[in-house]
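Q: Residue numbers (the working numbering): 12 to 514. No residue lacks a Cβ here, since even glycine has one placed at the ideal position from N, Cα and C. Given the structure is predicted, the values throughout are model-derived calculations rather than measurements.
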């Protein structure tokens, strides 16, 4: 299900690239979409789920289904009310948000500069996309409930509807508008509604479709909000860093936000397919083991999560680096997206992919804290990483431009992942087993040999541009099959077996 969602996400980006390329209109749409996207990750994959799932699992472990239903009623009522207020404030205050996160465009607007229209269009788009927050918050709530009860497929399939809505609006609505990007914004809005409605029948079938109640002081709600507030920083620092990247990019050349976006989207494919998918399975399992005070099983689950992320993340990261240009060319180089955009996006992808493994580690290490209802430690580490990202941004962006922003994000992810692991080790909660350390070293050696083989045999970019579409697909598929074969063979030669990953 996650694979279907990610593939459709790539199809969506192909359609958007063909429609808008990497120009001013694309920059504005990606800017306006970044804030609800940030909130999606915050709620659907971040702070809310990390706070809610442990409390729900704890209530479930008590065997009281009525207690679970009551908790859901109070959480849904309280969350829905607060998010509705935030949504209204966001829609009304969209010009303020556009000025804060797109300061470069706001200054242009104040000075009546040539790019003043970017600020005006961004403000309008935010009014359309911001209500997505309300629907995705409730979707995240229902998805967390279903995941806790082992029904992972529903939540994994839900994002498909967002992609379908955006693709449909891009193809059918955008061509009829003077500002085609507005059609994409309406796609985000409609996608949020459809995602929410899709999960309701499954909640009802499970017996958890309850009447929402306000419960700010209800014990379960108090525990969740106590855990959630610091978790906003702890688990979502990488997303906050991306927003800060957008702020800096608004001062850079036109196309910077788009080049970063397309690179980030390719990064999101393996991150979502492997890192977030594994973390989605790990959190409920860790929460149950923490509630049962089974320390050995807790450590074993953490160890398994790190091994799985490593065996998939290492080849994915190096593969993106050596095949960045042909992948970007085949996916996006049509319509308004040119070969210059391919090159520009590939440089930011090099920098982002360097941090892919650390983004994945954050996804599986952070649940080690939240499953134990410890949010203070990761928030401290998150603040360190966020401040370091700001420093890296200022230093590297002045030297490397938009590429420096991507590099700064990867460096801060490295710091965050390192601190999360160090903290778990200091607490005595988790330390990577010696067997896993040996396995990861062998995985790294295998991935490096794989990457070198692909790089050595891959044509230069100028030759890729001369290939027909069929020839380029043939070459890329061949190189990917070569990569998979070399990596698998090297793992076998170095003694890595399937049983090492399953236990």
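#1: Between 186, 233 and 407, which lies nearest to residue 63 when the distance is taken from Cα to Cα?
#2: Which ranges would you report for the beta strand (DSSP E) in the segment 285 to 350 if only whole runs of at least 3 residues count?
#3: Would you say the segment 381 to 401 touches the segment 450 to 459, given that touching needs at least three Cβ pairs under 8 Å?
#4: So which of 91, 44, 505 and 290 has the shortest CA-CA distance to residue 159?
#5: What residue from 164, 152 and 229 has the CA that sits closest to residue 207's CA?
#6: Express the C-alpha separation of residue 454 and residue 508 in angstroms, rounding to a whole number.
#7: Taking the alpha-carbon of residue 217 as reference, which of 481, 173, 175 and 165 has the nearest alpha-carbon?
#8: Starting from residue 187, trace the alpha helix (DSSP H) both ways and give me its first and last residue.
#9: Locate the alpha helix (DSSP H) running through residue 77, then write down its first and last residues.
#10: Please classify residue 521 as buried or exposed, where buried requires at least 16 other C-beta atoms within 10 Å of its C-beta.
#11: Counting Cβ pairs closer than 8 Å, one from the segment 112 to 131 and one from the segment 15 to 30, do we hit at least three?
#12: In or out: residue 44 buried (at least 16 other Cβ within 10 Å) or exposed?
#13: Mind checking whether residue 146 and residue 98 have CB atoms under 7 Å apart?
#14: Out of curiosity, what's the CA-to-CA distance linking residue 129 and residue 345?
#15: Given a threshold of 16 other Cβ atoms within 10 Å of its Cβ, counted over all protein chains shown, does residue 503 qualify as buried or as exposed?
#16: Pick from 441, 497, 421 and 295: whose alpha carbon is nearest that of residue 162?
#17: Going straight from the alpha carbon of residue 178 to that of residue 195, what length do you get?
#18: With a threshold of 16 other CB atoms inside 10 Å of the CB of residue 210, please say whether the residue is buried or exposed.
#19: Consult DSSP for residue 167 and reduce its assignment to one of helix, strand or coil.
#20: Inspect the beta-carbon positions of residue 314 and residue 447 and report whether they are closer than 7 Å.
#21: Please report the Cβ distance between residue 328 and residue 285, rounded to the nearest whole angstrom; I am assuming they are in contact, meaning their Cβ atoms lie under 8 Å.
#22: In the segment 114 to 157, which residue ranges form an unbroken beta strand (DSSP E) of at least 3 residues, counting only runs that do not cross its ends?
#23: Could you have a look at residue 466 and say whether DSSP puts it in helix, strand or coil?
#24: Helix, strand or coil, according to DSSP, for residue 397 in the structure here?
#25: Determine the direct distance from the alpha carbon of residue 331 to that of residue 280, and round the result to whole angstroms.
#26: Comparing alpha-carbon positions, which option in 337, 271 and 380 lies nearest residue 489?
#27: Does the segment 79 to 89 come close enough to the segment 213 to 231 that 3 or more CB-CB pairs lie under 8 Å?
#28: Look at the Cβ atom of residue 324, then the Cβ atom of residue 375, and state whether they are nearer than 7 Å.
#29: Mind the definition here: the segment 405 to 416 touches the segment 376 to 385 only if three or more C-beta pairs lie below 8 Å; say whether that holds.
#30: Tell me, to the nearest whole angstrom, how far the beta carbon of residue 486 is from that of residue 352; I am working on the premise that it is less than 8 Å.
#31: Measure the Cβ-Cβ separation of residue 372 and residue 428 and say whether it is below 7 Å.
#32: Please report the residue range of the alpha helix (DSSP H) in which residue 270 lies.
#33: Are the Cβ atoms of residue 41 and residue 268 separated by less than 7 Å?
#34: Mapping DSSP to helix, strand and coil, what is residue 501?
#35: Buried or exposed for residue 389, please, with buried defined as at least 16 other CB atoms from any protein chain shown within 10 angstroms of its CB.
#36: Less than 7 Å between C-beta atoms, sequence neighbours within five positions excluded: which residues of the same chain meet that for residue 362?
A: By the coordinates alone:
#1: For the purposes of this step, residue 63 is taken as residue 52 along the chain shown, with counting starting at 1. Ranking 186, 233 and 407 by Cα distance to residue 63 puts 233 first.
#2: none
#3: no
#4: For this step, residue 159 is matched to residue 148 along the chain shown. Nearest of 91, 44, 505 and 290 to residue 159, Cα basis: 290.
#5: Mapped onto the chain shown, residue 207 falls at position 196. Of 164, 152 and 229, the residue nearest in Cα terms is 152.
#6: Residue 508 sits at position 497 when you count from the first residue of the chain shown. Residue 454 sits at position 443 when you count from the first residue of the chain shown. If I take the Cα positions, the gap works out to 11 Å.
#7: By one-based count along the chain shown, residue 217 stands at place 206. Nearest C-alpha to residue 217: 165.
#8: Reading the chain shown from its first residue, position 176 is the one you call residue 187. Where residue 187 is concerned, there is no enclosing alpha helix (DSSP H), given that its DSSP letter is neither H nor E.
#9: Against the chain shown, residue 77 aligns to sequence position 66. Run containing residue 77: 76 to 103, per the alpha helix (DSSP H) assignment.
#10: Given that the chain is displayed from residue 12 to residue 514, the structure contains no residue 521 and the question cannot be resolved.
#11: no
#12: Within the chain shown, numbered from 1, the residue matching residue 44 stands at position 33. Label assigned to residue 44: buried.
#13: Here residue 146 is taken as the residue at index 135 of the chain shown, counted from 1. Here residue 98 is taken as the residue at index 87 of the chain shown, counted from 1. No, the pair does not count as a contact, with Cβ atoms beyond the cut-off.
#14: To locate residue 129, count along the chain shown from 1; it is residue 118. To locate residue 345, count along the chain shown from 1; it is residue 334. Spanning the two alpha carbons is a distance of roughly 24 Å.
#15: Taking the chain shown and counting its residues from 1, the one referred to as residue 503 is at position 492. Result: exposed.
#16: Numbered from 1 along the chain shown, position 151 holds the residue referred to as residue 162. The shortest Cα separation from residue 162 among 441, 497, 421 and 295 belongs to 295.
#17: Your numbering for residue 178 matches position 167 in the chain shown. Your numbering for residue 195 matches position 184 in the chain shown. Computed Cα separation, rounded: 8 Å.
#18: In the chain shown, residue 210 corresponds to position 199, counting from 1. Classification for residue 210: buried.
#19: What you label residue 167 is simply residue 156 of the chain shown in a count that begins at 1. If DSSP states are grouped into helix, strand and coil, residue 167 belongs with the helices.
#20: Taking the first residue of the chain shown as position 1, residue 314 is located at position 303. Taking the first residue of the chain shown as position 1, residue 447 is located at position 436. Yes, the Cβ-Cβ distance between residue 314 and residue 447 is below 7 Å.
#21: In the chain shown, residue 328 corresponds to position 317, counting from 1. In the chain shown, residue 285 corresponds to position 274, counting from 1. Cβ-Cβ separation between residue 328 and residue 285: approximately 11 Å, too far for a contact (criterion under 8 Å).
#22: none
#23: Position 455 of the chain shown, counted from the start, is the residue given in the question as residue 466. Three-state result, residue 466: helix.
#24: For the purposes of this step, residue 397 is identified with residue 386 of the chain shown, where counting begins at 1. DSSP, read as helix, strand or coil, puts residue 397 in helix.
#25: As a first step, residue 280 must be located in the chain shown, where it is residue number 269. As a first step, residue 331 must be located in the chain shown, where it is residue number 320. Cα-Cα distance, rounded: 11 Å.
#26: Working through the chain shown from its first residue, we reach residue 489 at position 478. Looking at the Cα atoms, 337 is the closest of the given residues.
#27: Of all C-beta pairs linking the segment 213 to 231 to the segment 79 to 89, three or more are shorter than 8 Å, placing the two stretches in contact.
#28: Here residue 324 refers to the residue found at position 313 of the chain shown. Here residue 375 refers to the residue found at position 364 of the chain shown. Contact flag unset, no.
#29: Taking 8 Å as the limit for Cβ pairs, the verdict is that the segment 376 to 385 does not touch the segment 405 to 416.
#30: The residue labelled residue 486 in the question sits at position 475 within the chain shown. The residue labelled residue 352 in the question sits at position 341 within the chain shown. In this structure residue 486 does not touch residue 352 by the C-beta definition: roughly 20 Å separates them, more than the 8 Å allowed.
#31: Sequence index remark: in the chain shown, residue 372 carries index 361 (1-based). Sequence index remark: in the chain shown, residue 428 carries index 417 (1-based). For the pair residue 372 and residue 428, the CB atoms are nearer than the 7 Å cut-off.
#32: Counting from one through the chain shown, the residue named residue 270 turns up at place 259. Unbroken alpha helix (DSSP H) run through residue 270: 267 to 281.
#33: Stepping through the chain shown from its first residue, residue 41 is reached at position 30. Stepping through the chain shown from its first residue, residue 268 is reached at position 257. Going by C-beta atoms, residue 41 is nearer than 7 Å to residue 268.
#34: The residue labelled residue 501 in the question sits at position 490 within the chain shown. It is helical.
#35: Within the chain shown, residue 389 is the residue found at index 378, counting from 1. Residue 389 is buried by the Cβ-count criterion.
#36: For the purposes of this step, residue 362 is taken as residue 351 along the chain shown, with counting starting at 1. Hits under 7 Å: 414, 417, 418 and 421.
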